[in-house]
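Working notes, structure below.
Number of protein chains: 2
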Amino acid sequence: MFRGAAAVSLDEKGRLAIPAKYRKSLLLDCDGQMVCTIDIKQPCLLLYPLPQWQIIEQKLTTLSSMNPAERRLQRLLLGHAEDCQMDKNGRILIAPTLRQHADLSKKIMIIGQLNKFELWSESAWHEQITADMAAEQADDLALSERLQDFSL
Amino acid sequence: MFRGAAAVSLDEKGRLAIPAKYRKSLLLDCDGQMVCTIDIKQPCLLLYPLPQWQIIEQKLTTLSSMNPAERRLQRLLLGHAEDCQMDKNGRILIAPTLRQHADLSKKIMIIGQLNKFELWSESAWHEQITADMAAEQADDLALSERLQDFSL
DNA sequence: TCATAATGTGGGGAATTGTGGGTAATAGTG
DNA sequence: CACTATTACCCACAATTCCCCACATTATGA
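So the protein lines, in turn, are chains A and B.
Counting from 221, one number per residue, gives the positions in the first sequence under this note's numbering.
Counting from 221, one number per residue, gives the positions in the second sequence under this note's numbering.
Written as structure tokens, this is what we have:
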């Protein structure tokens, strides 16, 4: 399970160094093989260890190709999925198309989110967090059923 | 179960010495491994022994990444979660991002709250207590259902 | 009151990690 | 088939982090 945020940077070759604390478990789990795709709701990328991605892929196959919304989800996620292999120095190469989708330049944030990572441009990440905090302050009502009883 | 408040201080490297009375049980429970994240409603940090945090994380996995409010909670909590390992002297390092969120400078309060600790800047803590006391005096109404039957 | 232990605080230095680029291999293109 | 562009691998330096030790300060008990 991944957690935490870290600032990383893309070098001139488009390589991104995975923070060292994640490397061991990635090598162990999937020999450094990962899959990167776009997020549908936010301007960020999703980075899955291969086994985790395969679970997602499995779920996607159960969706109907008749239902337009489900078909769309398949097309977006699968269509943008790229294999990424960690090199010996613990870096991965992000394809230009993907880089563009999340508007990634030099300064990137990599965010652990349980079974995957999110990749954000630093500025977009900060904006998102600011917006999220504001939203949390605002609506004490309108909580989903699941959230009503969430205790920390 | 943790309880009580203690004044502690951050040194120049951002290290915080855990009060000695908690150390033994922390070493026993989780070998000094803890997770620190932000509080969503208050300007303070939450510090969990690893096993306690894993319970929270477990709950977070059940939330949907399609529902915006649930996704937001994941992003805020997990995105700010940092592993903290107690060193030989019983100190933990608080990441700069987190320090900033709770406006922590040198003088800190560490508050035992059952399954976790809260970390407050000393001044914010006193303000919060004052405000809480005032609020209790004021509204005898507006108690939640659970509080109606609470006996001390 | 003093001695001893336990806790709090500070800082030096080694090991790990981040970063940049050179070169070889591979694939893609005309 | 040759040429170019991209990708992978490797090495080396810079920077940071973390680990450990030593001293100061406070608490405890004789």
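Think of the CB as a built atom: it goes at the ideal place given N, C-alpha and C, for glycine as much as any other residue.
Does the Cβ of residue i lie closer than 6 Å to at least one heavy atom of the ligand SAH?
| i | result |
| --- | --- |
| K244(B) | Inclusion of the ligand SAH in the displayed structure is not the case, the ligand content being empty and no account of it being possible. |
Residue i versus chain B: which residues are under 7 Å apart at the beta carbon?
| i | result |
| --- | --- |
| M221(A) | E277 |
| R295(A) | Near R295(A) there are no residues of chain B at all, since even the closest Cβ is about 17 Å away, more than 7 Å. |
| A355(A) | R292 |
| D249(A) | Neighbours of D249(A) on chain B: none; closest Cβ ~17 Å, over 7 Å. |
| L352(A) | Reading off the sequence, residue 352(A) comes out as Asp, not Leu. Within chain B, the residues near D352(A) are R292, R295, L296. |
Exposed or buried, what is residue i when buried is set at 16 or more other beta-carbons lying within 10 Å of its beta-carbon?
| i | result |
| --- | --- |
| H346(A) | exposed |
| D383(B) | Nothing about residue 383(B) can be read from this structure; chain B reaches only from 221 to 372. |
| A240(A) | exposed |
| A226(A) | buried |
| G299(A) | exposed |
Measure the alpha-carbon distance for residue i versus residue j and round it to whole angstroms.
| i | j | result |
| --- | --- | --- |
| C250(B) | Y242(B) | 12 Å |
| M353(B) | L318(A) | 52 Å |
| L283(A) | T281(B) | 21 Å |
| Q274(A) | E338(A) | 17 Å |
| T350(A) | I330(A) | 17 Å |
| G224(A) | I238(A) | 13 Å |
| A289(A) | D259(A) | 15 Å |
| N335(A) | E356(A) | 24 Å |
| T257(A) | S371(B) | 53 Å |
| L313(A) | D307(A) | 9 Å |
| A301(A) | L266(B) | 36 Å |
| R291(B) | S285(B) | 5 Å |
| S229(A) | L246(B) | 35 Å |
| Q333(B) | S364(B) | 20 Å |
| A358(B) | R366(A) | 31 Å |
Using the three-state DSSP reduction, which class does residue i fall into: helix, strand or coil?
| i | result |
| --- | --- |
| S325(A) | coil |
| I330(A) | strand |
| A351(B) | helix |
| S343(B) | helix |
| I312(A) | strand |
| D259(A) | coil |
| L265(B) | strand |
| E302(B) | strand |
| E232(A) | coil |
Along chain A, in chain order, which residues have C-beta atoms closer than 9 Å to that of residue i?
| i | result |
| --- | --- |
| D303(B) | R223, G224, K241 |
| T281(B) | M221, L334, N335 |
| L266(B) | L372 |
Which bits of chain A does residue i rub up against, with CB to CB less than 7 Å?
| i | result |
| --- | --- |
| H346(B) | Result: empty, since nearest Cβ-Cβ is about 22 Å, beyond 7 Å. |
| L298(B) | R223, G332, Q333, L334 |
| I260(B) | E356 |
Using only CA atoms, which one of the options lies nearest to residue i?
| i | options | result |
| --- | --- | --- |
| Y268(B) | Q253(B), M329(B), S325(B), M286(B) | Q253(B) |
| E342(B) | F222(B), L324(B), L297(B), P288(B) | L324(B) |
| R311(A) | E232(A), P288(A), Q294(A) | E232(A) |
| G234(B) | A315(B), N335(B), S285(B) | A315(B) |
| L248(B) | L265(B), P271(B), Q278(B) | P271(B) |
| L236(A) | L246(A), R295(A), N309(A), D259(A) | N309(A) |
| H321(B) | K279(B), K244(B), L297(B) | L297(B) |
| A344(A) | G332(A), A358(A), K327(A), Q333(A) | K327(A) |
| M221(A) | E277(B), L265(B), C264(B), K244(B) | E277(B) |
| C264(A) | R366(A), Q348(A), A358(A), W340(A) | W340(A) |
| D303(B) | V255(B), N287(B), S364(B), R292(B) | V255(B) |
| K279(A) | S245(A), Q262(A), Q294(A) | Q294(A) |
| Q262(B) | R366(B), L367(B), Q348(B) | Q348(B) |
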